[in-house]
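Heads up, the thing below is written out as structure tokens.
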Amino acid sequence: MLKYIAKRIGLAVVTIWAVATITFFLMNMVPGGPFLSEKAISPQATAALEAKYGLDKPLLQQYFTYLTDALHGDFGDSLKQRGRTVTSIILMKFPVSARVGGVSVLTALLIGIPLGCIAALKRGKFLDSLISVVATCGIAVPGFVICTVLLYFLGVNLKLLPTMGLNSPKHYVMPVMALSFYPTAYIMRLMRSSMLDVLGQDYMRTAKAKGVSGFMSLFKHALRNAVLPVITYVGPMLAYTVTGSFVVEKIFTIPGLGGEFITAISGRDYTLIMGTTIFLATLIVLMNVAVDIVYKIVDPRIQLK
Amino acid sequence: MKPDTFSFQLKLNPEDFLPATEEEKQSQVVMRESVSFWKDGMRRLVKNKVAMASIAVIILVMIFSFIVPAFYPYSYKQQIKGSNNLAPMEYSQQEQERIDAGEKVFPHIFGTDKMGRDYAIRVMMGSRISLLVGLIATGIILVIGSAYGSIAAFFGGWVDLIMMRIVDIIYTIPDILLIVLLSFALKAPLGSLKDVPGFGWVGVVGENLISIFVVFALLYWVGMARMVRSQILMLKESEYVTAARALGVGNGKIIRKHLLTNCIGTLIVTTTLQIPSSIFTESFLSFLGMGVAVPLPSLGSLASDAINGMNTYPYLLFIPALLISLIILSFNLLGDGLRDAFDPKLKN
């Protein structure tokens, strides 16, 4: 087990390095630089700025300097937001996105798993059809449509909920609804199909024959096996959701990491792009490792190699 | 002779050993016509009402986006003076005067936008762009994904290991980063390509749209590749592959003729479900302003443009939003129907 985890983490490090390398060179291939957009700047000042951040050196040298610094935990200063380090920006913006994202994932799980189970248990009944229709429509509606419809009806027309910022629990309602809509629908469908699969297995009949109560067999035998595909989906989804959705953050004016990332890309804030990309990649890779380990705990049949 | 029920002796009836008559032989012959894979699948698909309804919706949307614009009296970039921000079926003052004078004026079914362009034709053109992007991008994904996945699975071993590791890495790169960087990186070369004779279409399609295709070709095939790989890993152990190899068939031909054709059911389903997700991605990018170039509309950019005027002109937002949801929904339902019809695992 420990050997397996060590191997997976080793592979994770290689993946993160590869993502960082690809991003670094691709980013530098793109024409334009971080200091081009400011009009009133003289060539001398640009040169001085570039020298200050080491952008005048050959690309390979920049690359190795960056890697060495990053390994020492120094992700550099932001090129656009003067006087702030990349680490401090990420540390400030990430909790905002993580709170909204975390609540959304939790909502999706708490609604999706029970409803999916109910649909599977009541297969062919009215409740099943209703849940399936809702879930199918749910994965068909793009996030920005949900956001705007919510904004229009709940925020602007009925004035029930505030439309901007994140100052009170009430502010969370609409972004969380928008963010959890798709995952909830997806988990419902996933849960329903895997639950149906499990309910048809022989061991379920054996459990019933042995006289295990319906409640117990449902929780101990069915749910534990049926939840596996959901875990696979939730791992990477959690990583993407907590790092912030750009659309939701743009529409509801939330100062999160997703919006920061887009601003960094369009402003060629090289260090910030690198920092956020590495952060996101690390999170995704770690989530994948975590999913495999959770798998092993939930399902002892799985052999980790 | 009366049968003795307590006897353990085997009693055989000599009549059972007579040769069968022609009539008896005939009854053993299976008269049912053999049903091919396609016929069998289509038969089940036609029975599925939801799938047939979604096919009808898709065809209807296609007629509206590809055929109707050719006969429509307005064009998607034509700005009609004085007809800004008309409500659905409303006429501007000038148009009202022309109607009073006895002229026939085609109504603005969905009204007009703030530039005075007829919104119905813009929505039609927008769905044309969205459908085209969905179909072309899915084509690219299908080709790259199935080739990559089948090669990785067929050769196995370290080839598979390295190829799938690359897939993992691509899976981890944030897509939005690549799209923005590529659209900037491709702008200059595509801009100069536009002036080369024979490449004039580049300007019409727009650099952004081409970089979206490039990104699809670079990034989104990984899901398809994983799917195809898992199928081929199973299929390559089949006897017919061994037989083909024993007959001296080359690797490339085995993959194309035997393996890929045998997972055609999965390929159809995955492709159909990929179309809505491509449309989804395109609309999301257009919504962020990284999609198609103005004045070409896409459903995502129409919705994005309408957000600012949402309070006064909500229909400008809801029409494209509703249409895109409808398109994605019908492709999803069609994909589900195809899975029920063509997936051999679900046959019974």
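Chains as they are written, first to last, in this note's numbering: chain A, -4 to 300; chain B, 424 to 771.
C-beta: ideal position from N, C-alpha, C; glycine also.
Going by DSSP in three states, residue 693 of chain B sits in which element: helix, strand or coil?
If DSSP states are grouped into helix, strand and coil, residue 693 of chain B belongs with the helices.
From residue 582 of chain B to residue 575 of chain B, what does the alpha carbon distance come to, in whole angstroms?
The alpha-carbon atoms of residue 582 of chain B and residue 575 of chain B are separated by roughly 6 angstroms.
Pick out whichever of B/543, B/599 and B/746 has its Cα sitting closest to the Cα of residue 261 of chain A.
Closest option to residue 261 of chain A, Cα to Cα, is B/599.
Identify the contact partners of residue 595 of chain B in chain A, using a Cβ-Cβ distance below 7 angstroms as the criterion.
Near residue 595 of chain B (Cβ distances below 7 angstroms), the residues of chain A are 10, 14, 276, 279 and 280.
Compare the C-beta of residue 613 of chain B with all C-beta atoms of chain A and state if any pair is closer than 9 angstroms.
With a threshold of 9 angstroms between beta carbons, residue 613 of chain B makes no contact with chain A.
Could you tell me the distance, in whole angstroms, from the CA atom of residue 771 of chain B to the CA atom of residue 466 of chain B?
Since pLDDT at residue 771 of chain B reaches only 44, below the 50 mark, its modelled position is unreliable, and the value read off the structure follows with that caveat. C-alpha of residue 771 of chain B to C-alpha of residue 466 of chain B: approximately 14 angstroms in a straight line.
Extent of the continuous alpha helix (DSSP H) run through residue 99 of chain A
Here the alpha helix (DSSP H) through residue 99 of chain A covers 81 to 116.
Taking residue 706 of chain B as the query, report the chain A residues whose CB atoms sit under 7 angstroms from its CB, ordered along the chain.
Residues of chain A passing the Cβ test: 137.
Would you mind giving the Cβ-Cβ distance between residue 146 of chain A and residue 257 of chain A, rounded to the nearest angstrom? I have them listed as a contact below 8 angstroms.
20 angstroms between Cβ atoms; not a contact.
Could you give the first and the last residue of the continuous alpha helix (DSSP H) run that contains residue 152 of chain A?
Element bounds for residue 152 of chain A: n/a, residue is neither H nor E.
7 angstroms Cβ cut-off: residues of chain A touching residue 603 of chain B:
Within chain A, the residues near residue 603 of chain B are 260 and 261.
Locate the alpha helix (DSSP H) running through residue 686 of chain B, then write down its first and last residues.
In the DSSP assignment, residue 686 of chain B falls outside any alpha helix (DSSP H), carrying neither H nor E.
Short CB-CB distance (under 9 angstroms) between residue 432 of chain B and chain A:
It does not: the Cβ of residue 432 of chain B has no partner Cβ on chain A nearer than 9 angstroms.
In three-state terms, what does DSSP make of residue 541 of chain B?
Three-state DSSP puts residue 541 of chain B in a strand.
For residue 276 of chain A, count neighbouring Cβ atoms within 10 angstroms of its own Cβ and tell me buried if that reaches 16, exposed if not.
So residue 276 of chain A ends up on the buried side.
Go to residue 591 of chain B, then tell me how far its alpha helix (DSSP H) extends in each direction, as first and last residue.
Taken as a continuous stretch (DSSP letters only), the alpha helix (DSSP H) holding residue 591 of chain B covers 580 to 595.
Within chain D, partners of residue 726 of chain B - CB distance below 8 angstroms:
Note that chain D does not occur in the displayed structure, where the protein chains are A and B.
Does residue 38 of chain A pass the burial test, meaning 16 or more other C-beta atoms within 10 Å, or should it be called exposed?
By the 10 Å Cβ count, residue 38 of chain A comes out exposed.
Can you tell me whether residue 547 of chain B is buried or exposed, with buried defined as 16 or more other CB within 10 angstroms of its CB?
Taking every protein chain shown into account, the CB of residue 547 of chain B has 16 or more other CB atoms within 10 angstroms, so this residue is buried.
For the structure I just gave you, are there three or more beta carbon pairs, one from the stretch 607 to 618 of chain B and one from the stretch 627 to 639 of chain B, closer than 8 angstroms?
Between the stretch 607 to 618 of chain B and the stretch 627 to 639 of chain B there are three or more C-beta pairs closer than 8 angstroms, enough to call the two in contact.
Counting only the same chain and skipping the five closest in sequence on each side, list residues whose C-beta sits under 7 angstroms from that of residue 544 of chain B.
The residues are 492, 495, 497, 498 and 499.
Looking at residue 502 of chain B: is its Cβ nearer than 9 angstroms to the Cβ of residue 538 of chain B?
Yes, Cβ-Cβ distance for residue 502 of chain B and residue 538 of chain B is below 9 angstroms.
Interface residues of chain A facing residue 608 of chain B [CB-CB closer than 9 angstroms]:
Those within 9 angstroms of residue 608 of chain B in chain A are 21, 24, 25 and 26.
Could you spell out the range, first to last residue, of the alpha helix (DSSP H) harbouring residue 217 of chain A?
The continuous stretches of alpha helix (DSSP H) do not include residue 217 of chain A, and DSSP gives it neither H nor E.
Quick check on DSSP: helix, strand or coil for residue 248 of chain A?
Of the three classes helix, strand and coil, the one that applies to residue 248 of chain A here is coil, per DSSP.
With DSSP as the reference, please indicate the residues paired to residue 535 of chain B in a beta bridge.
Listed as beta-bridge partners of residue 535 of chain B by DSSP are B/541.
Closest Cβ-Cβ distance between residue 210 of chain A and chain B: below 9 angstroms?
Cβ-Cβ to chain B under 9 angstroms: no for residue 210 of chain A.
Can you tell me whether DSSP reads residue 64 of chain A as helix, strand or coil?
In the structure shown, residue 64 of chain A falls within a helical segment according to DSSP collapsed to helix, strand and coil.
What are the residues of the stretch 726 to 743 of chain B that lie near chain A, defined by any Cβ-Cβ distance shorter than 7 angstroms?
Those residues of the stretch 726 to 743 of chain B placed with their C-beta closer than 7 angstroms to a C-beta in chain A are 726, 730, 733, 734, 737 and 740, ordered along the chain.
Below-9 angstroms beta-carbon distance, residue 272 of chain A vs any chain B residue
Any Cβ of chain B closer than 9 angstroms to the Cβ of residue 272 of chain A would place that residue at the interface, and such an atom is present.
Would you kindly work out how many angstroms separate the C-alpha atoms of residue 540 of chain B and residue 507 of chain B, rounded to a whole number?
Roughly 7 angstroms between the two C-alpha positions.
For the alpha helix (DSSP H) containing residue 170 of chain A, list its first residue and its last residue.
Residue 170 of chain A -> alpha helix (DSSP H) spans 164 to 194.
On a Cα-Cα basis, can you pick out the residue from A/64, A/67 and A/30 that is closest to residue 50 of chain A?
With distances taken between Cα atoms, residue 50 of chain A lies closest to A/30.
What residues in the stretch 166 to 200 of chain A bring their beta carbon closer than 9 angstroms to a beta carbon of chain B?
The residues in question: there are none.
Specify the secondary structure class of residue 294 of chain A as computed by DSSP and reduced to three states.
Three-state result, residue 294 of chain A: coil.
Is the number of C-beta pairs between the stretch 169 to 176 of chain A and the stretch 91 to 107 of chain A that are closer than 8 angstroms three or more?
Yes: the two stretches touch, three or more of their Cβ pairs being nearer than 8 angstroms.
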